[in-house]
Amino acid sequence: MEDKLDILIIEDTERHRESALEQFKDHKLTLARNYAEGEKLLLGEGSYGVLLTDLMMPKGNRETMGPEGMKYIFDLLPFGFPLAFLAAKNGVPYIGVVTDINHHNHPISAAIDPISGAYWHDSDSYIYRVNDSRVGIFHAPFIEGERKDWNKVLEVLLK
């Protein structure tokens with residue numbers, strides 16, 4: 000990739016954030032660790048050319064949570080979907096929801112198989128249009144150390 004991209008990564012797992020830092024050192028990279036941080040950045044003054052977000056993550060704050068909602072703020076929930084739609088609403092052109100969960104180990108991973116394919120592939124056959132954004136839902140490819148290969152995901156989004 001020749002052009003420097005402004006990339007927002009929302010990822011709660013440290014090894015995957017480190018992987019993003021290594022892979023995107025030639026781009027402008029912003030990292031968030033949970034839904035609350037990602038939402039704040041997407042609603043803020045910055046604009047991003049790419050959003051790559053984990054599927055499952057904690058909410059990260061107590062905002063708008065009553066006593067019932069407080070039970071869930073540290074749970075890993077599929078916050079990648081509302082973040083992707085928020086990014087599309089705000090005009091982010093390329094959006095990827097990227098999970099490392101195996102479809103044999105979690106029902107949300109199995110549920111996305113029909114819209115993402117069951118395993119990694121570099122086809123753009125599972126790219127969708129939401130507003131003017133290209134949105135992909137991916138089972139992550141990996142590099143050494145079982146870390147997400149963010150570059151491969153980005154290459155498919157930019158095809």
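So the sequence shown is residues 0 to 158, counted in numbering that gives the first Met the number 0. Here a beta-carbon is modelled for each residue, glycine too, at the ideal position from N, C-alpha and C.
Same chain only: Cβ atoms within 6 Å of residue i, ignoring 5 sequence neighbours per side
{"i": "N60", "result": "A35"}
{"i": "A31", "result": "I9, G37 and L40"}
{"i": "N33", "result": "D11, M56, P57 and G59"}
{"i": "I6", "result": "F23, H26, L28 and V49"}
{"i": "P140", "result": "W119, D148 and K151"}
{"i": "D74", "result": "none"}
{"i": "I136", "result": "V96, I111, I114 and S115"}
{"i": "N130", "result": "A87"}
{"i": "L54", "result": "P77, G79, V96 and T98"}
Limits of the unbroken beta strand (DSSP E) element including residue i
{"i": "L51", "result": "V49 to D53"}
{"i": "A31", "result": "K27 to A31"}
{"i": "D5", "result": "D5 to I9"}
Three-way DSSP call (helix, strand, coil) for residue i in this model
{"i": "M0", "result": "Any reading at M0 needs caution, since the residue's pLDDT is 49, under 50, leaving its predicted position unreliable; the model's value is listed next. Correct three-state label for M0: coil."}
{"i": "D160", "result": "No answer is possible for residue 160: it lies beyond the span of the chain, which begins at 0 and ends at 158."}
{"i": "Y71", "result": "coil"}
{"i": "G43", "result": "coil"}
{"i": "H15", "result": "helix"}
{"i": "G95", "result": "strand"}
With 16 other Cβ atoms within 10 Å as the buried cut-off, status of residue i
{"i": "K147", "result": "buried"}
{"i": "G87", "result": "The question names Gly, but residue 87 is Ala in the sequence shown. When all chains shown are included, A87 counts as buried."}
{"i": "S46", "result": "exposed"}
{"i": "R16", "result": "buried"}
{"i": "H103", "result": "exposed"}
{"i": "I114", "result": "exposed"}
{"i": "A110", "result": "exposed"}
{"i": "L42", "result": "exposed"}
{"i": "R133", "result": "buried"}
Neighbourhood of residue i by C-beta distance below 7 Å, restricted to the same chain and skipping five residues each side
{"i": "K158", "result": "D123"}
Run of the alpha helix (DSSP H) containing residue i, from where it starts to where it stops
{"i": "D112", "result": "P106 to S115"}
{"i": "K88", "result": "G79 to K88"}
{"i": "V155", "result": "W149 to L157"}
Check: residue i C-beta below 7 Å from any heavy atom of the ligand GDP
{"i": "F73", "result": "The ligand GDP is absent from the structure shown, which contains no ligands of any kind."}
Assumed close pair residue i, residue j - CB separation to whole angstroms, cut-off 8 Å
{"i": "I94", "j": "I100", "result": "No, I94 and I100 are not in contact; Cβ-Cβ is about 19 Å, not under 8 Å."}
{"i": "L82", "j": "T52", "result": "5 Å"}
{"i": "D121", "j": "V91", "result": "So it is not a contact: roughly 22 Å between Cβ atoms."}
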